[in-house]
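Engineer:
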Amino acid sequence: MALDIVSGYPQILHSGMTRQAVKASSAVPGILPPVAIDGRMCVDGGWVEAVPISAARVLGAQFVIGVDVSRDTAPIDYKEEIKNSMDILFRAGDITRSLMNTLRTREADFIINPDVGDAQWSQFGDIETYITAGYRAGIKAVPGLKKALWLSRIKALLWMKR
């Protein structure tokens, strides 16, 4: 997933050069420049959809499992954490992305939430901890996932009979 910064529309990068797609989907606005793909200027798609559920649906997935590693937006100490207008801008952006993520992940059939604590997106120093958290969350999710798959099959059968 990427975001065309010119049109404002999300882009599903499903063909073309893999390297360009990865570069575009990793281009964090303000840190890395947009990447030109087919005349579009693309940045990290996480700005519009952190868990690319709509892309999975558009590409034909009938059952979507999302893995959401985002953090909830916790209340802050305004006097301690807001020092200037940029802090306000970043905080508003965090809140917006969190709310958008909450709405978008509702479209998945099943969501796995690894406990990554308060890790920032750019923290790669303790990668083993995050891998372990993902593994544990996956194992813990198995019973719920089985139930969700079963319910999905039942719903599909019921809808087919109409």
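According to my numbering, the sequence shown holds residues 1 to 162 in order.
We put the beta carbon where it would ideally sit given N, CA and C, even for glycine.
The structure displayed is predicted, hence computed values, not measured ones.
In the DSSP output, what is VAL67 paired with across the bridge?
Structural biologist: Paired residue(s): ILE112.
Engineer: DSSP three-state label for GLN20, please.
Structural biologist: In this structure, GLN20 counts as helix in the three-state DSSP scheme.
Engineer: Candidates TRP150, ASN113 and ILE154: which alpha carbon is nearest ARG136's?
Structural biologist: ARG136 has its Cα closest to that of ASN113, out of TRP150, ASN113 and ILE154.
Engineer: At the level of alpha carbons, what is the spacing between ALA108 and ALA2?
Structural biologist: Near 19 Å, if we compare the C-alpha coordinates of ALA2 and ALA108.
Engineer: With DSSP run on the structure shown, which of helix, strand or coil describes ILE131?
Structural biologist: Correct three-state label for ILE131: helix.
Engineer: Between the alpha carbons of LEU32 and ARG19, how many angstroms are there, rounded?
Structural biologist: Cα to Cα, LEU32 sits roughly 15 Å from ARG19.
Engineer: Taking DSSP as the reference, what is the three-state secondary structure of PRO33?
Structural biologist: Reduced to three states, the DSSP call for PRO33 is coil.
Engineer: Put ASP72 into one of helix, strand or coil per three-state DSSP.
Structural biologist: It is coil, neither helix nor strand.
Engineer: Can you have a look at LEU103 and say buried or exposed, based on whether 16 or more other CB atoms are within 10 angstroms of its CB?
Structural biologist: Counting Cβ neighbours within 10 Å, LEU103 comes out exposed, since fewer than 16 surround it.
Engineer: For ALA27 and ASP44, which I take to be in contact (beta-carbon distance under 8 Å), what is that distance rounded to the nearest angstrom?
Structural biologist: With 8 Å as the limit, ALA27 and ASP44 qualify as a contact, their Cβ atoms being about 6 Å apart.
Engineer: Can you check which of these residues, VAL58, LEU13 and VAL48, is closest to ASP180 by C-alpha distance?
Structural biologist: The requested residue 180 does not occur in the structure, where the chain is confined to residues 1 to 162.
Engineer: When the Cα of LYS147 is compared with those of ASP68, ASP77, ILE111 and GLN11, which residue comes out closest?
Structural biologist: Among ASP68, ASP77, ILE111 and GLN11, the Cα nearest to that of LYS147 belongs to ILE111.
Engineer: Once you ignore the five residues that flank ALA55 on each side, which residues in its own chain have a CB closer than 6 Å to its CB?
Structural biologist: Within the same chain, ALA55 has close Cβ partners MET1 and ILE12.
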